[in-house]
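Here's what the structure looks like:
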């Protein structure tokens, strides 16, 4: 009886458990539906509102399914495609609906090119931001020849009139279209000979054939230079009476080449309409080029007869055909002109953006197709390297099938390139080595000295396969940024050109395998481990994620690109360049020290005793694809030695560095430096730091290199050659010797702690700011706060994010298509500053808002005194504001920072989403310089990292700089300045924390005046990988071409 009762009890328990599971699933389904519903949350927001969000999972959860991603109930979600499922129904969004298309009308021109139309009507109008109505009418081209014969018979010179005309092409060819009406106009014409036609021309017209002669009317007194030589043409159709390129469709089945003469003929000359025998050479030139199916005409028949008479000389003429092609233009007046056409425009030039293809795969020859569009440069044979010129036709023809289009390169008289060619093509290049700087400066001067864009493109193409690849990319980038005809072209990030400077060397073997084995559309991103340069046994590895961040290292390289060491003085001598060199590196040190405190490490120690061992070792795990070798490592305990490397023209002692250091300190303490004439020049209160910056950086702006030397650059060199100071092992410099990689090494920050201390020594000699210099009469800040969506006030959240980098542009000699590497980097949630300021004046006043953050305590948990905390102040933003009388509430998004560039400008696609023109184009180009947006905020700690938020509103009358308003990029002006303008802040960089605090001030609270405020904030880190969410920047998706 007990067994039966026990079995019945188990059955009942099983049924009850099943019922509980079903009920739970039903409740979860209901709750999940409600959680993703705008109607249940009663949300419907206008514009873009990041707070109008439905979270389906907890903010800290790892989202594995697209269904679990947060959705939005703001109208911006329609454009960003992240709306909740019921958004349209809840918010009354109605999409436009239209009827079907009506039939096409008849062609409106009975002879030649015309148009047809069709239309449709609106059935349901759009409401509340729904999809806009599409075009209600369409126009397409058509051709008709029903009334052509009557029109031709009624015109004079009937034999000279055709229904063809010329229009501008796409930059590589000239469009030939069917004319809308017959034009009978006398004037001077340019003679062309058709060299080659495609097979499709036989289906369209019997007027075009190889050997045909065309007279083209020249507009006005335009120069003949751009018409002379070999060019491309293609047959197009065009809307009647429309000169708009958008209204033209190209018939790609009929196209070819022609050659233009340098002489003028009369368009109605009898030679344009009469048939005669072609010249013997012209006949030989076209011999064998006739394609099957092409229509015949008298010229072609005569050409064939001449060819038969000259068959005995076929082999001899074939070897000379290329040389004699140039002579054809001089003999066109003795040949046949089959028909005359009317010239509107002939454009045989190249697009200025064509030069960007030189950045693609710099180790591949220039004649190999570039980019996804398979574009190759059509270079003269003598532009090829010497060992390739003998086999030039075979080499170029080898890639003919893979080439979709070619860019014509003008042959010019080349300048003297002996100086740049002193550095081998496969040797490492460093801006810190004086010899390399001079070679690069000479190459930049050559590029800048080219009078026209075509000359610039020509000499760049010639240099690309001869000079050192890294030096070429650097010099070409600097020249493009400063030439008027190319400064609006985007400079590719160095991570796309030389990804080996930023990516683990082990990735490239896998990337080449992925490119060769897997089709382009099926390739999977290759994961880069977060910890691949060291293990946790090395405490410095705790901040490796920061030092090795791609965006941070790109910033350092791009800054030296905008501010080159040597070239034209007008390019080097930018406003307050020396001071900017100091302040940019000072801010790097402040951010790095704060990052160390977040990871329970002390502030970095100065490297000032250059004879003691370096305890920090570093193994970069990088390979140099240009030099085909690994970057040398530096083991722990390395010691600097005197440098004597004749191969690099380097010969200096550590005592030289110490002597230059002592002389700089002597100039600081005496308040004057020595100029080349031996005179002592005062280091002024506001201009002295700029002079010291030029002395330390040792650019051509240094006032006296014989006295103060090259301390900063040769300091980098001495550290980078500590493993092989005399070249006995034939090793090259380590990553400390290259601006693009130096920030990966821990010793970089110890060395720059020393250089920063030199500047602080000068700043401590300056008088303290008085209350009058700090205060803003009548303006006081009553409240400040930081707000992060869905977080408590004054809390900033950080986390990890994964993003992809395309390696394909740097993988030479591999199949095309994206090859992605996925790396993990620090990121933060967007936040907003909220400032309440009271203006007690009777009139509006303008001020400058200055925002800083700094850690509150040191690595031992002790509070900082102001003299130490001010050196850790991180500038977050700086902007101007107009304060009306009374209370003012100011809100500023973190994505609008004056320090950073958006994530998309650090990792951007140069071929997609590129602005067409105006201010946005200038921002896209110049704004490659700046601190990366994703590294704006320190990492923080999981329990929270306490920091002081300091906000000050200074008097704009003391901040203003008299100059025209900049119409270009204004992002990252704190680190990079403004293009072609003065630095936009008259105050010293770092104001008000660039000098000692006034007497009696020990803490930040004691430092405050009425126009300042401080609030305590927390930076909390979540040690999980989260997907990227929308930001206020251009886009939030990483894409690469």
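Numbering (mature numbering (1 follows the signal peptide of the UniProt record, and there is no 0)), first residue to last: -35 to -1, 1 to 1006.
For glycine and all other residues, C-beta sits at the position ideal for the given N, C-alpha and C.
Smallest Cα separation from residue i: which of the options?
{"i": "residue 950", "options": "965, 962, 970 and 923", "result": "923"}
{"i": "residue 451", "options": "442, 837 and 632", "result": "442"}
{"i": "residue 466", "options": "772, 896, 959 and 74", "result": "772"}
{"i": "residue 326", "options": "377, 457 and 349", "result": "457"}
{"i": "residue 940", "options": "692, 957 and 552", "result": "552"}
{"i": "residue 522", "options": "65, 339, 499 and 897", "result": "897"}
{"i": "residue 964", "options": "735, 988, 659 and 12", "result": "735"}
{"i": "residue 472", "options": "198, 492, 919 and 463", "result": "492"}
{"i": "residue 599", "options": "709, 547, 611 and 660", "result": "709"}
{"i": "residue 422", "options": "93, 831, 331 and 595", "result": "331"}
{"i": "residue 616", "options": "400, 655 and 417", "result": "400"}
{"i": "residue 485", "options": "576, 337 and 535", "result": "337"}
{"i": "residue 796", "options": "823, 857 and 787", "result": "857"}
How far does the beta strand (DSSP E) with residue i in it reach, from first residue to last?
{"i": "residue 955", "result": "Element bounds for residue 955: n/a, residue is neither H nor E."}
{"i": "residue 790", "result": "785 to 793"}
{"i": "residue 617", "result": "615 to 617"}
{"i": "residue 705", "result": "Here residue 705 belongs to no beta strand (DSSP E), and DSSP marks it neither H nor E."}
{"i": "residue 637", "result": "637 to 639"}
{"i": "residue 551", "result": "It is not in any beta strand (DSSP E) - residue 551 instead sits in the alpha helix (DSSP H) that spans 542 to 563."}
{"i": "residue 752", "result": "744 to 752"}
{"i": "residue 472", "result": "Not the beta strand (DSSP E): residue 472 falls in the alpha helix (DSSP H), residues 471 to 482."}
{"i": "residue 768", "result": "760 to 771"}
{"i": "residue 505", "result": "Premise fails: residue 505 is in no beta strand (DSSP E) and is neither H nor E."}
{"i": "residue 979", "result": "977 to 990"}
{"i": "residue 646", "result": "645 to 647"}
Are the Cβ atoms of residue i and residue j separated by less than 8 Å?
{"i": "residue 344", "j": "residue 432", "result": "no"}
{"i": "residue 696", "j": "residue 578", "result": "no"}
{"i": "residue 393", "j": "residue 367", "result": "no"}
{"i": "residue 901", "j": "residue 986", "result": "no"}
{"i": "residue 804", "j": "residue 742", "result": "no"}
{"i": "residue 1008", "j": "residue 438", "result": "Absent from the model: residue 1008. The displayed extent of the chain is -35 to 1006, so no value can be given."}
{"i": "residue 159", "j": "residue 223", "result": "yes"}
{"i": "residue 61", "j": "residue 95", "result": "yes"}
{"i": "residue 520", "j": "residue 895", "result": "yes"}
{"i": "residue 746", "j": "residue 639", "result": "no"}
{"i": "residue 413", "j": "residue 448", "result": "yes"}
{"i": "residue 937", "j": "residue 866", "result": "yes"}
{"i": "residue 827", "j": "residue 983", "result": "no"}
{"i": "residue 763", "j": "residue 790", "result": "no"}
{"i": "residue 63", "j": "residue 92", "result": "no"}
{"i": "residue 723", "j": "residue 812", "result": "no"}
{"i": "residue 511", "j": "residue 583", "result": "no"}
{"i": "residue 821", "j": "residue 911", "result": "yes"}
Can you tell me where the alpha helix (DSSP H) holding residue i begins and where it ends?
{"i": "residue 661", "result": "653 to 662"}
{"i": "residue 728", "result": "711 to 728"}
{"i": "residue 805", "result": "Neither: residue 805 is in no alpha helix (DSSP H) and is coded neither H nor E."}
{"i": "residue 834", "result": "831 to 834"}
{"i": "residue 320", "result": "Note, residue 320: premise wrong, no alpha helix (DSSP H); not H, not E."}
{"i": "residue 924", "result": "921 to 924"}
{"i": "residue 940", "result": "938 to 941"}
{"i": "residue 683", "result": "676 to 685"}
{"i": "residue 972", "result": "969 to 972"}
Report yes or no: is there a C-beta of chain B within less than 8 Å of the C-beta of residue i?
{"i": "residue 485", "result": "No chain B is part of this structure, which consists of one protein chain only."}
Legend entry - Stretch-stretch touch, CB-based, cutoff 8 Å, three pairs: the region 774 to 794 with the region 43 to 60: No, because fewer than three Cβ pairs between the region 774 to 794 and the region 43 to 60 fall closer than 8 Å, the two stretches do not touch.
Legend entry - the region 751 to 760 contacting the region 8 to 23, beta-carbon criterion three pairs below 8 Å: By the Cβ test, the region 751 to 760 is in contact with the region 8 to 23, since at least three Cβ pairs between them sit closer than 8 Å.
Legend entry - contact_flag[the region 561 to 577, the region 976 to 983] where n(CB pairs < 8 Å) is 3 or more: For the pair of segments examined, the region 561 to 577 was found not to touch the region 976 to 983: the number of CB pairs separated by less than 8 Å stays below three.
Inset, instruction - State whether the region 501 to 517 contacts the region 686 to 705, with contact taken as three or more CB pairs (one from each stretch) at a distance under 8 Å. - result: No: the two stretches stay apart, fewer than three of their Cβ pairs being nearer than 8 Å.
Inset, instruction - List in chain order: all unbroken beta strand (DSSP E) runs of 3+ residues lying wholly within the region 361 to 447. - result: Entirely contained in the region 361 to 447, the beta strand (DSSP E) runs reaching 3 residues are, in chain order, 370 to 373.
Inset, instruction - Run through the region 9 to 92 for me and flag every whole beta strand (DSSP E) of 3 or more residues, listed as ranges in chain order. - result: List check, beta strand (DSSP E) in window: 76 to 84 and 87 to 89.
Inset, instruction - Assess, as a yes-or-no matter, whether the region 496 to 504 is touched by the region 369 to 385 under the definition of 3 or more beta carbon pairs within less than 8 Å. - result: Between the region 369 to 385 and the region 496 to 504, the count of C-beta pairs closer than 8 Å stays below three; the two stretches do not touch.
Legend entry - Any 3 or more C-beta pairs closer than 8 Å across the region 795 to 811 and the region 837 to 853: Contact check between the region 795 to 811 and the region 837 to 853: three or more CB pairs, one atom from each, fall below 8 Å, which counts as touching.
Legend entry - Stretch-stretch touch, CB-based, cutoff 8 Å, three pairs: the region 855 to 867 with the region 833 to 843: Short answer: they touch.
Inset, instruction - Assess, as a yes-or-no matter, whether the region 658 to 674 is touched by the region 538 to 552 under the definition of 3 or more beta carbon pairs within less than 8 Å. - result: Result yes; three or more Cβ-Cβ pairs closer than 8 Å.
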